[in-house]
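A.B. asks: If you read the sequence shown in the working numbering, its first letter stands for residue 4, the second for the next number, and so on.
My questions all concern the structure below.
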Amino acid sequence: MKSDIEIAQETTLKPINEIATSLGLVEEDWEPYGRTKAKLSANLQEKLEHRPDGKVILVTSINPTPAGEGKSTVTVGLGQALNKLGKKAIIALREPSLGPVMGLKGGAAGGGYSQVLPMEDINLHFTGDLHAITAANNALSALIDNHIHRGNKLQIDPRRVEWNRVLDMNDRALRQVVVGLGGPARGVPREDSFSITVASEIMAVLCLAKDLHDLKRRLKSIVIGYTYDEDPVTVEDLEAEGALTVLLKEALRPNLVQTTENTPAIIHGGPFANIAHGCNSIIATSSAAKLGDYVVTEAGFGADLGAEKFLNIKSRAGKIQPRAVVIVATIRALKMHGGVKKSELKEENVEAISTGVANLEKHIETIKSFGLPFVVAINKFPTDTQNEIDFLKEWCTNNKVEVALTDVWQNGGAGGLELAEKVVKAADEPTADFKHTYSLEDPLEEKIRKIAQTVYGANDIVLSKKASNQISYFEKQGWGNLPVCMAKTQYALSDDPTQIGRPTGFTIQIRELRASIGAGFIVVLTGDVLTMPGLPQHPAALNMDVTDDGRIAGLF
4 MKSDIEIAQE
14 TTLKPINEIA
24 TSLGLVEEDW
34 EPYGRTKAKL
44 SANLQEKLEH
54 RPDGKVILVT
64 SINPTPAGEG
74 KSTVTVGLGQ
84 ALNKLGKKAI
94 IALREPSLGP
104 VMGLKGGAAG
114 GGYSQVLPME
124 DINLHFTGDL
134 HAITAANNAL
144 SALIDNHIHR
154 GNKLQIDPRR
164 VEWNRVLDMN
174 DRALRQVVVG
184 LGGPARGVPR
194 EDSFSITVAS
204 EIMAVLCLAK
214 DLHDLKRRLK
224 SIVIGYTYDE
234 DPVTVEDLEA
244 EGALTVLLKE
254 ALRPNLVQTT
264 ENTPAIIHGG
274 PFANIAHGCN
284 SIIATSSAAK
294 LGDYVVTEAG
304 FGADLGAEKF
314 LNIKSRAGKI
324 QPRAVVIVAT
334 IRALKMHGGV
344 KKSELKEENV
354 EAISTGVANL
364 EKHIETIKSF
374 GLPFVVAINK
384 FPTDTQNEID
394 FLKEWCTNNK
404 VEVALTDVWQ
414 NGGAGGLELA
424 EKVVKAADEP
434 TADFKHTYSL
444 EDPLEEKIRK
454 IAQTVYGAND
464 IVLSKKASNQ
474 ISYFEKQGWG
484 NLPVCMAKTQ
494 YALSDDPTQI
504 GRPTGFTIQI
514 RELRASIGAG
524 FIVVLTGDVL
534 TMPGLPQHPA
544 ALNMDVTDDG
554 RIAGLF
């Protein structure tokens with residue numbers, strides 16, 4: 004069986020101008036980044052604004068497990084399958100982060116014969132968007148510390164600087180640091196921390212901005228900390244929005260690539276869904292909707308995280324009306340949710356699936372709560388037995404759930420035709436019932452409670468004293484009408500990653516809140532979720548190498 008990178012390197016890619024031409028783009032609509040990548044022009048959205056929108060299909064999944072669900076693979080395969088049905092489909096994905104690529108999770112370019120290519124570029128430096136976000140974030144950190152060092156005209160309290168530095172790598176040693184040591188010439192000592200780049204508010208700002216003007220407006224609104232009198236200090240107060248916009252100008256433009264079957268794919272932005280809002284950029288999704296009849300996009304992790312944020316945050320900010328949802332499930336993951344160890348997944352165990360299917364059932368209920376039609380995609384693995392597949396399909400039939408077996412990893416678009424046909428049918432259904440989990444007018448505490456109860460299945464929430472005080476302060480500042488972005492473990496419906504399956508009778512512990520005013524939401528940290536992951540015992544980076552002829556090896 005060939006590896007993903009072997010399949011990718013054997014695939015013949017079309018020149019990017021042919022992909023652009025297939026979308027009806029002319030030369031001024033895009034700029035080449037080599038032979039197989041391109042940046043779309045900054046004014047393309049304005050040029051396309053009077054075109055009708057294609058149908059947006061959201062791909063989500065059950066709670067992920069170490070067995071892997073293949074959500075990105077299904078997303079790519081579905082886009083390819085729609086094209087095989089004669090539909091004009093475009094795929095819209097997030098950009099991978101180097102942290103998971105070098106760590107444990109892997110990349111985000113799909114797999115097998117359903118990949119976006121060139122996968123080596125996409126999973127590594129690509130067109131430099133994440134580096135630009137890292138640079139902008141850390142430039143702001145430098146400007147903050149310089150302002151404090153140079154007299155602190157704004158009276159920023161060094162103990163209340165909320166803005167932290169970022170690095171696009173899993174590095175637990177940087178979770179908590181002290182900066183400014185070494186005497187007066189080296190700044191004012193204070194505590195600081197690092198998050199991974201994809202958790203930066205600037206990533207969220209870039210992904211939720213509608214255009215360059217909106218980008219600068221959002222950057223100006225970022226709250227970097229508080230004064231000694233506990234008043235918020237913004238990027239506008241520092242007069243730093245111009246410099247940040249300069250660093251982000253090119254990164255704001257979406258990237259055009261193709262799949263293993265030459266289906267167009269727009270890849271742009273990549274916030275994590277467990278610590279950020281988990282969706283690719285509004286510009287990318289909106290542009291794809293103008294260029295195609297169907298847009299297949301995904302949101303990070305399970306429906307409790309990425310899908311919830313796509314539907315409650317991104318759809319509001321971008322005025323995006325999703326037409327259908329695909330919920331990806333695997334036999335392997337359902338067995339793990341049923342209590343089977345990873346080492347025992349190759350053994351048939353229908354009983355474990357009958358227990359683990361409760362996790363899928365909860366995610367189905369969540370999508371139903373939004374009033375959207377959906378299809379369950381069983382992402383087939385070679386170790387799945389017919390008895391196991393038959394059980395899951397029968398469970399779906401008995402519960403009146405549309406289901407399709409997909410094998411897009413091995414067969415590309417041809418392995419997703421059944422799914423594509425059912426998605427087209429679902430997307431043709433009226434969507435007048437689409438509704439959000441909460442109203443923007445709800446108090447912050449009530450928004451958090453509604454997500455915890457409706458999406459996670461919790462009994463209630465428990466606010467720490469710090470979180471309770473922050474809610475009162477944020478609402479006094481006029482931030483109470485913003486949506487909330489929950490930071491929670493991806494592995495479970497609760498805030499405890501060990502509570503797999505469908506736990507009941509639990510509460511969600513609300514540790515603290517963070518004001519992401521530029522992004523336009525309030526981040527709510529639950530349990531022990533971290534904004535800077537760590538590397539595993541055997542990082543994927545240790546398997547990577549470059550051959551003497553310059554070919555990358557060991558990258559999945």
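Where a beta carbon is used, it is the ideal one built from N, C-alpha and C, also for glycine.
Computed from a predicted structure; not experimentally measured.
Give every residue of the same chain whose Cβ lies closer than 8 Å to the Cβ of K215, excluding the five residues on either side of it in the sequence, and list them in chain order.
C.D. replies: The sequence given here places Leu at residue 215; Lys does not occur at that position. Around L215: A45, T248, K252 and L255.
A.B. asks: Mark M172 as exposed unless 16 or more other C-beta atoms lie within 10 angstroms of its C-beta, in which case mark it buried.
C.D. replies: buried
A.B. asks: Buried or exposed: where does V59 fall if 16 or more other Cβ atoms within 10 Å of its Cβ makes it buried?
C.D. replies: buried
A.B. asks: Using the three-state DSSP reduction, which class does I227 fall into: helix, strand or coil?
C.D. replies: When secondary structure is reduced to three states using DSSP, I227 falls in the strand class.
A.B. asks: Under 7 Å, do I65 and A470 count as touching if we go by C-beta distance?
C.D. replies: no
A.B. asks: Which one or two residues does DSSP pair with R175 in a beta bridge?
C.D. replies: In DSSP, R175 forms no bridge with anything.
A.B. asks: To the nearest angstrom, how far is it from the Cα of V560 to the Cα of E424?
C.D. replies: Given a span of 4 to 559 for the chain in the structure shown, any question on residue 560 remains unanswerable.
A.B. asks: Inspect the CB distances between the stretch 479-493 and the stretch 443-456 and report whether three or more fall short of 8 Å.
C.D. replies: Result yes; three or more Cβ-Cβ pairs closer than 8 Å.
A.B. asks: Using 8 Å as the cut-off, can you tell me whether the stretch 406-425 makes contact with the stretch 491-504, which would need three or more C-beta pairs spanning the two stretches below that distance?
C.D. replies: no
A.B. asks: Which one of T78, L120, A145 and T200 has the shortest CA to CA distance from G102?
C.D. replies: Looking at the Cα atoms, T200 is the closest of the given residues.
A.B. asks: To the nearest angstrom, how far is it from the Cα of V180 to the Cα of D463?
C.D. replies: 34 Å
A.B. asks: Find out if the Cβ-Cβ distance for the pair P267, A327 is shorter than 7 Å.
C.D. replies: no
A.B. asks: Hey, G416 and K87: beta-carbon distance below 7 Å or not?
C.D. replies: yes
A.B. asks: Got a sec? Which residues, its chain only, sit under 8 Å from S144 by beta carbon, not counting five neighbours each side?
C.D. replies: W166, N167, R168 and D195
A.B. asks: Do Q493 and N149 come within 7 Å of each other at the CB atom, strictly closer than that value?
C.D. replies: no
A.B. asks: From the DSSP output, in three-state form, read off E405 for me.
C.D. replies: In this structure, E405 counts as coil in the three-state DSSP scheme.
A.B. asks: Using 8 Å for Cβ pairs, my map puts R335 next to A92. What's the rounded Cβ distance?
C.D. replies: Not quite, the Cβ-Cβ distance comes to about 28 Å (not below 8 Å), so this is no contact.
A.B. asks: Would S117 and T76 qualify as a contact pair, given that the criterion is a beta-carbon distance under 7 Å?
C.D. replies: yes
A.B. asks: What's the call for H53, buried or exposed, on a 16-neighbour Cβ count within 10 Å?
C.D. replies: exposed
A.B. asks: List the DSSP bridge partners of G27.
C.D. replies: G27 is not bridged to any residue.
A.B. asks: What is the rounded straight-line gap between the Cα of G557 and the Cα of K90?
C.D. replies: About 35 Å.
A.B. asks: Per DSSP, what are the beta-bridge partners of L516 in this structure?
C.D. replies: V527
A.B. asks: Between which two residues does the alpha helix (DSSP H) harbouring P35 extend?
C.D. replies: Boundaries around P35 are those of the beta strand (DSSP E), W33 to P35, since no alpha helix (DSSP H) includes it.
A.B. asks: Assign A70 to one of three DSSP states: helix, strand, or coil.
C.D. replies: The three-state reading of DSSP puts A70 in coil, since its state is none of H, G, I, E or B.
A.B. asks: In three-state terms, what does DSSP make of S203?
C.D. replies: coil
A.B. asks: Output the distance between the C-alpha atoms of I323 and Q540, rounded to the nearest integer angstrom.
C.D. replies: 41 Å
A.B. asks: For V29, count neighbouring Cβ atoms within 10 angstroms of its own Cβ and tell me buried if that reaches 16, exposed if not.
C.D. replies: exposed
A.B. asks: Quick check: what's the CA-CA separation for V426 versus Y297?
C.D. replies: Whole-angstrom Cα-Cα distance: 10 Å.
A.B. asks: Might you give, ordered along the chain, the residues of its own chain that have their beta carbon closer than 8 Å to the beta carbon of T358, omitting 5 neighbours on each side?
C.D. replies: Contacts found: H340, G341, G342 and G504.
A.B. asks: Compare the beta carbon distance of H280 and K312 with 7 Å and say whether it is the shorter of the two.
C.D. replies: Against a cut-off of 7 Å, the Cβ pair of K312 and H280 comes out as a contact.
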